[in-house]
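Step one of this worksheet: look at the structure below.
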Amino acid sequence: MVFKIILKTAWIGLTTNRSRSFLTILGIVIGITSIMLVISLGAGAQDLILGQVQGLGTNTIIVTPGREPTSPSDITELNNDSLKVKDIELLENKANVPDLKILMPFVGGAGTASFSSNAYQVMILGATESLPEIFDLHPNNGIFFASDDVLSRRDVVVIGSKVVEHLFENENPIGQKIKIRNRNLKVVATLLPTGGGAIFNFDSMIIVPYTTAQDYLIGNKYFNHFIIQTQTGDQVPVAAEDITRTLRESHNITDPTKDDFTVQTQQDLAKRLSTITSALTWFLVAVASIALFVGGVGIMNIMLVSVTERTHEIGLRKAVGATNKDILSQFLIEAVILTAIGGIVGIILGIVLSFGISTALSYGLGVNWQFIFPWSGIALGLGVSAFVGFVFGSYPAKKAAEKSPIEALRYE
0 MVFKIILKTA WIGLTTNRSR SFLTILGIVI GITSIMLVIS LGAGAQDLIL GQVQGLGTNT
60 IIVTPGREPT SPSDITELNN DSLKVKDIEL LENKANVPDL KILMPFVGGA GTASFSSNAY
120 QVMILGATES LPEIFDLHPN NGIFFASDDV LSRRDVVVIG SKVVEHLFEN ENPIGQKIKI
180 RNRNLKVVAT LLPTGGGAIF NFDSMIIVPY TTAQDYLIGN KYFNHFIIQT QTGDQVPVAA
240 EDITRTLRES HNITDPTKDD FTVQTQQDLA KRLSTITSAL TWFLVAVASI ALFVGGVGIM
300 NIMLVSVTER THEIGLRKAV GATNKDILSQ FLIEAVILTA IGGIVGIILG IVLSFGISTA
360 LSYGLGVNWQ FIFPWSGIAL GLGVSAFVGF VFGSYPAKKA AEKSPIEALR YE
């Protein structure tokens, strides 16, 4: 019964000045909403990236130039010219890597593709005839270039659905020539829409033989990556060791700490990307939590003002028998109510905005960005709201409870 009276008194105290209560809640709402957005969108980004990595298959190994960074100073080692044509020849030798099924080197760059009066900014991917098999790509029209086109450095190109849309409109692109960096390339195939992606957005990409890309479009003689596949996923660990040994011999490396390349399995890459995205998400959560701290300080300030304004009320309550514990409970409950309402509103708003932004990203970027319901964000939001209300409401409640009833009644 006593608790019901205290709860009712606390509610009356909050509703007496609704504008002030609303502004006090607003800081909590902003903080909780920010946390919900970060967690939900971060989980969606992680799901998108990992989905693409896992889509390569469990029998995939990726070799990148530069050693794996272990400190900030190693970042400069990420993009170098360590992967060369001689490495391809050695890795494709069955005596060196017996379990190798496919090795696809590729190089990348950016440029402007033009046809007639139309132009479109594209990503240039130089690869081999194995690209459709590795990435499960399907031509919409035409035929993907062959191994002879790679060996002969032919000026042929496969273009994504958005490239077709921007350059050709209602024309048939097959057999037409597009210009990139003053080089005319014959369109031999177009791709079905893939919905974009976090790693490769084939819809906005042109694909050419890597030899053509190196000699005429990009101008380098090294590779950005090797994508290697084995016959089965069980062969990956042994193949990764064979690849590492072969590349060390090719690069005259005897000290493993001096590796100028990185060999990653699909599982390694997925784990690493998951760690990176999770760390980034929780870092942003920590940043968003600053808004909650600011909101908590605002609650404490407002409650202190409220205690001062209601000094006479506190005196009257004590005069008719209210104990220090009753007064403490009343003001503490008021603070918790404020943060609880702010937390609930923030959670609802965060879910709605997360869903809306996820949908907008899916349509706007052309990617399969899934809405991830932020269960952890809800738990965190409710827990933090209660904690903030208790911590920042304790001091004003204590100040109210300590007031002398006689002095409080004399207060004007």
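Using numbering that gives the first Met the number 0, the final residue of the sequence shown is 411, and nothing's skipped along the way.
All C-beta atoms, glycine included, are put in the ideal place defined by N, C-alpha and C.
Since the model is a prediction, treat every value here as computed from it, not as a measurement.
(request) Take Asn117 as the anchor and find which of Ala385, Lys161, Pro64 has the nearest alpha-carbon. (result) When Ala385, Lys161, Pro64 are compared, the shortest CA-CA separation from Asn117 is found for Lys161.
(message) If contact is defined by three or more beta carbon pairs under 8 Å, each pair taking one atom from either stretch, is the stretch 248 to 262 in contact with the stretch 122 to 142?
(response) The stretch 122 to 142 is not in contact with the stretch 248 to 262.
(request) For Ile74, count neighbouring Cβ atoms within 10 angstroms of its own Cβ and tell me buried if that reaches 16, exposed if not. (result) The predicted model places Ile74 with a pLDDT of 47, which falls under 50 and marks its position as unreliable, so this point remains unresolved.
(request) Determine, using beta-carbon pairs with one atom in the stretch 207 to 227 and one in the stretch 25 to 36, whether at least three such pairs fall under 8 Å. (result) With a cut-off of 8 Å on Cβ pairs, the stretch 207 to 227 is not in contact with the stretch 25 to 36, counting fewer than three such pairs.
(message) Within a Cβ cutoff of 6 Å, which residues of the same chain sit near Gly218, ignoring the five residues on either side of it in sequence?
(response) Nothing meets the Cβ criterion.
(request) Identify whether Ser129 lies in helix, strand or coil by the three-state DSSP scheme. (result) Reduced to three states, the DSSP call for Ser129 is coil.
(message) I need the boundaries of the beta strand (DSSP E) containing Arg182, first residue and last residue.
(response) Run containing Arg182: 182 to 190, per the beta strand (DSSP E) assignment.
(message) Check whether the stretch 87 to 103 and the stretch 235 to 242 touch, using three or more Cβ-Cβ pairs below 8 Å as the test.
(response) Output reads yes: the stretch 235 to 242 touches the stretch 87 to 103.
(request) Could you pull out every residue in the same chain whose Cβ sits closer than 8 Å to the Cβ of Leu279, ignoring the five residues on either side in sequence? (result) Within the same chain, Leu279 has close Cβ partners Gly41.
(message) I need the straight-line Cα distance from Ile350 to Gln213, nearest angstrom please.
(response) If I take the Cα positions, the gap works out to 47 Å.
(message) In the DSSP output, which residue or residues are listed as bridge partners for Phe260?
(response) Its beta-bridge partners are Pro64.
(message) Relative to the C-alpha of Gly108, which candidate in Val286, Met122, Glu91, Arg66 has its C-alpha closest?
(response) Nearest C-alpha to Gly108 among Val286, Met122, Glu91, Arg66: Met122.
(message) Going by beta-carbon coordinates alone, are Gln265 and Thr59 separated by less than 8 Å?
(response) A distance below 8 Å separates the beta carbons of Gln265 and Thr59.
(message) Can you look up Val157 in the DSSP assignment and give me helix, strand or coil?
(response) Looking at Val157 - three-state DSSP - the assignment turns out to be strand.
(request) Have a look at the DSSP bridge pairing and note the partners of Gln228. (result) Its beta-bridge partners are Thr59, Ile101.
(request) Flag this pair as touching only if the stretch 124 to 131 and the stretch 173 to 182 have three or more C-beta atom pairs under 8 Å; answer yes or no. (result) No, they do not touch.
(request) Quick one: using the 10 Å Cβ neighbour count with 16 as the cut-off for buried, is Trp368 buried or exposed? (result) By the 10 Å Cβ count, Trp368 comes out buried.
(message) By the three-class DSSP mapping on this structure, what secondary structure does Leu124 have?
(response) Judged by DSSP in its simplified three-state form, Leu124 adopts strand.
(request) Use the C-beta contact count for Asp147: other C-beta atoms within 10 angstroms, 16 or more gives buried, fewer gives exposed. (result) So Asp147 ends up on the exposed side.
(message) Bridge partners for Glu112 per DSSP, in chain order?
(response) Contrary to the premise, residue 112 reads as Ala rather than Glu in this sequence. According to DSSP, Ala112 bridges with Tyr119, Ile179.
(message) Less than 7 Å between C-beta atoms, sequence neighbours within five positions excluded: which residues of the same chain meet that for Met204?
(response) Listed in chain order, the non-local C-beta contacts of Met204 below 7 Å within the same chain comprise Val121, Met122, Leu124, Gly159, local neighbours out to five positions each way being set aside.
(message) Please state the DSSP three-state secondary structure of Asn139.
(response) For Asn139, the three-state secondary structure derived from DSSP is strand.
(request) Counting only the same chain and skipping the five closest in sequence on each side, list residues whose C-beta sits under 7 Å from that of Pro192. (result) The residues Ser160, Asp202, in chain order, have a CB closer than 7 Å to that of Pro192 in the same chain once the five nearest residues on each side in sequence are set aside.
(request) Please report how far the alpha carbon of Phe114 lies from the alpha carbon of Pro172, in whole angstroms. (result) Whole-angstrom Cα-Cα distance: 10 Å.
(request) With a threshold of 16 other CB atoms inside 10 Å of the CB of Ser33, please say whether the residue is buried or exposed. (result) With 16 or more neighbouring CB atoms inside 10 Å of its own CB, Ser33 falls in the buried class.
(request) Return the Cβ separation of Phe225 and Val62 in integer angstroms, given the expectation that the two are a contact with Cβ distance under 8 Å. (result) Yes, Phe225 and Val62 are in contact; Cβ-Cβ is about 4 Å, under 8 Å.
(message) Against chain C, does Ala126 count as a neighbour if the rule is that its beta carbon must be under 8 Å from one of theirs?
(response) Judged by its chain identifiers, the structure shown contains no chain C, having just a single protein chain.
(message) Bridge partners for Val106 per DSSP, in chain order?
(response) The bridge partners DSSP lists for Val106 are Gly125.
(message) Looking at the strands, I want to know which residues DSSP matches up with Ile206.
(response) By DSSP's assignment, Ile206 forms a beta bridge with Leu124, Val157.
(message) Tell me the rounded alpha-carbon separation between Val237 and Lys100.
(response) Each residue's Cα considered, the two are about 13 Å apart.
(message) Quick check on the burial criterion: 16 or more other C-beta atoms within 10 angstroms. Buried or exposed for Ser81?
(response) It is buried - the Cβ of Ser81 has at least 16 other Cβ atoms within 10 Å.
(request) Apply the 10 Å Cβ neighbour rule to Ala378 and answer buried if 16 or more other Cβ atoms are within range, or exposed otherwise. (result) Label assigned to Ala378: exposed.
(request) Just confirm the distance between the C-beta atoms of Lys83 and Tyr221, as a whole number of angstroms; I'd bet it's less than 8 Å. (result) Tyr221 and Lys83 do touch by the CB rule: their CB atoms are close to 6 Å apart, below 8 Å.
(message) Once the 5 residues before and after Glu168 are set aside, which same chain residues still bring their CB inside 8 Å of it?
(response) So the qualifying residues of the chain are Asn117.
(message) If I measure Cβ to Cβ from His165 and keep anything under 6 Å in the same chain, skipping five residues before and after, which residues do I get?
(response) For His165, same chain residues with a beta-carbon under 6 Å away, outside a window of 5 residues either side, are Tyr119 in chain order.
(request) Mark Glu333 as exposed unless 16 or more other C-beta atoms lie within 10 angstroms of its C-beta, in which case mark it buried. (result) Classification for Glu333: buried.
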